[in-house]
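I have placed the structure first, in the form of structure tokens, so that the comments after it can refer back to it.
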Amino acid sequence: ETGVTQSPTHLIKTRGQQVTLRCSSQSGHNTVSWYQQALGQGPQFIFQYYREEENGRGNFPPRFSGLQFPNYSSELNVNALELDDSALYLCASSSDGTRYTGELFFGEGARLTVL
Amino acid sequence: GESVGLHLPTLSVQEGDNSIINCAYSNSASDYFIWYKQESGKGPQFIIDIRSNMDKRQGQRVTVLLNKTVKHLSLQIAATQPGDSAVYFCAERASNDYKLSFGAGTTVTVRA
Numbered sequence: 127e128t129g130v131t132q133s134p135t136h137l138i139k140t141r142g143q144q145v146t147l148r149c150s151s152q153s154g155h156n157t158v159s160w161y162q163q164a165l166g167q168g169p170q171f172i173f174q175y176y177r178e179e180e181n182g183r184g185n186f187p188p189r190f191s192g193l194q195f196p197n198y199s200s201e202l203n204v205n206a207l208e209l210d211d212s213a214l215y216l217c218a219s220s221s222d223g224t225r226y227t228g229e230l231f232f233g234e235g236a237r238l239t240v241l
Numbered sequence: 022g023e024s025v026g027l028h029l030p031t032l033s034v035q036e037g038d039n040s041i042i043n044c045a046y047s048n049s050a051s052d053y054f055i056w057y058k059q060e061s062g063k064g065p066q067f068i069i070d071i072r073s074n075m076d077k078r079q080g081q082r083v084t085v086l087l088n089k090t091v092k093h094l095s096l097q098i099a100a101t102q103p104g105d106s107a108v109y110f111c112a113e114r115a116s117n118d119y120k121l122s123f124g125a126g127t128t129v130t131v132r133a
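Here is the structure:
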């Protein structure tokens, strides 16, 4: 167990809908990253939040947005869902000293299916 | 496109044998490399990392080798056990970047 919890873990939406995924970081971690993992692929970086601000973003459109709260928990919001958004969404947390390393602690992921 | 990839999508290994998982990368700016293990239904788990100023690093039953000349990374698992069955990803990061770029993964199956 990494101490990173995500909710919900499975959900089904229809095209055009909106979804919010939540993540609680490991105790003491102030940095949260979100990754999208399509079936059979490696995770793809969406964005990272540090002290409530987005400080890095991958090649994802603006309809992917996020938030980080004072307790360092985070949300990933996806608007206008498309079929290709079906994937496992992974949240990872890290601390100040490991923000730029690979010592990320991943949650179990949220499996999103868009019909 | 992705800057990190793996040579083989699957690897079958006899229990007790050593495993070698290979990875090629194309980004010359990458200076930090990591191996992750992902079991079914779980998130990736950090195994071992290596910086570009090193050629080899050892952990418990695992060794990572880095060949910067040919942009190649490998993970060696000694005395492979059934619990090592998983998908293994290599990932890389460029200097002072926060983003990790993952390859597509190698599925390792351990035969009893």
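Those protein sequences? They're chains A and B, same order as listed.
Sequential numbering of the first sequence, starting at 127, is according to the working numbering.
Sequential numbering of the second sequence, starting at 22, is according to the working numbering.
C-beta: ideal position from N, C-alpha, C; glycine also.
Q: May I have the straight-line CA-CA distance separating residue 77 (chain B) from residue 161 (chain A), to the nearest angstrom?
A: Position 56 of the second sequence, counting from 1, holds the residue named residue 77 (chain B). Position 35 of the first sequence, counting from 1, holds the residue named residue 161 (chain A). The alpha-carbon atoms of residue 77 (chain B) and residue 161 (chain A) are separated by roughly 28 Å.
Q. If you follow the beta strand (DSSP E) that residue 195 (chain A) is part of, which residue opens it and which one closes it?
A. For the purposes of this step, residue 195 (chain A) is identified with residue 69 of the first sequence, where counting begins at 1. Note, residue 195 (chain A): premise wrong, no beta strand (DSSP E); not H, not E.
Q) Along the segment 189 to 202 of chain A, what residues have a CB closer than 7 Å to any CB found in chain B? A) Flagged: no residues at all.
Q. Listed from N- to C-terminal order along the chain, which residues in the segment 95 to 108 of chain B have their beta-carbon within a distance smaller than 7 Å of any beta-carbon of chain A?
A. Interface annotation for the segment 95 to 108 of chain B against chain A: empty, criterion Cβ-Cβ distance under 7 Å.
Q. If you follow the beta strand (DSSP E) that residue 179 (chain A) is part of, which residue opens it and which one closes it?
A. Here the question's residue 179 (chain A) lines up with position 53 in the first sequence. From DSSP, the beta strand (DSSP E) with residue 179 (chain A) extends over 179 to 183.
Q | Inter-residue Cα distance where the pair is residue 85 (chain B) and residue 142 (chain A) | A | Locating residue 85 (chain B) in the second sequence gives position 64, where the first residue counts as 1. Locating residue 142 (chain A) in the first sequence gives position 16, where the first residue counts as 1. Cα to Cα, residue 85 (chain B) sits roughly 44 Å from residue 142 (chain A).
Q) How long is the line joining the alpha carbons of residue 36 (chain B) and residue 43 (chain B), rounded to whole angstroms? A) Position 15 of the second sequence, counting from 1, holds the residue named residue 36 (chain B). Position 22 of the second sequence, counting from 1, holds the residue named residue 43 (chain B). Using only the alpha carbons, I get a separation of about 19 Å.
Q. Do the segment 99 to 115 of chain B and the segment 133 to 151 of chain A make contact, defined as three or more Cβ pairs closer than 8 Å?
A. Taking 8 Å as the limit for Cβ pairs, the verdict is that the segment 133 to 151 of chain A does not touch the segment 99 to 115 of chain B.
Q) Apart from the five residues on each side of it in sequence, which residues of its chain come closer than 6 Å, Cβ to Cβ, to residue 60 (chain B)? A) Counting from 1 along the second sequence, the entry for residue 60 (chain B) is found at position 39. Contacts found: 107.
Q: Would you kindly work out how many angstroms separate the C-alpha atoms of residue 119 (chain B) and residue 228 (chain A), rounded to a whole number?
A: Taking the first residue of the second sequence as position 1, residue 119 (chain B) is located at position 98. Taking the first residue of the first sequence as position 1, residue 228 (chain A) is located at position 102. So the two alpha carbons sit approximately 9 Å from each other.
(Q) Check for me: the beta strand (DSSP E) holding residue 40 (chain B) runs from which residue to which? (A) To locate residue 40 (chain B), count along the second sequence from 1; it is residue 19. For residue 40 (chain B), the enclosing beta strand (DSSP E) starts and ends at 40 to 46.
Q. If we ignore side chains and look at the alpha-carbon of each, how far apart do residue 168 (chain A) and residue 56 (chain B) end up?
A. Reading the first sequence from its first residue, position 42 is the one you call residue 168 (chain A). Reading the second sequence from its first residue, position 35 is the one you call residue 56 (chain B). Approximately 12 Å, taken between the alpha carbons.
Q | For residue 209 (chain A), three-class secondary structure by DSSP | A | Taking the first residue of the first sequence as position 1, residue 209 (chain A) is located at position 83. Residue state, collapsed to three classes: helix.
**Q.** Burial state of residue 30 (chain B), where buried means 16 or more other Cβ atoms lie within 10 Å
**A.** Stepping through the second sequence from its first residue, residue 30 (chain B) is reached at position 9. Under the 10 Å beta carbon count, residue 30 (chain B) is surrounded by fewer than 16 other beta carbons and is classified as exposed.
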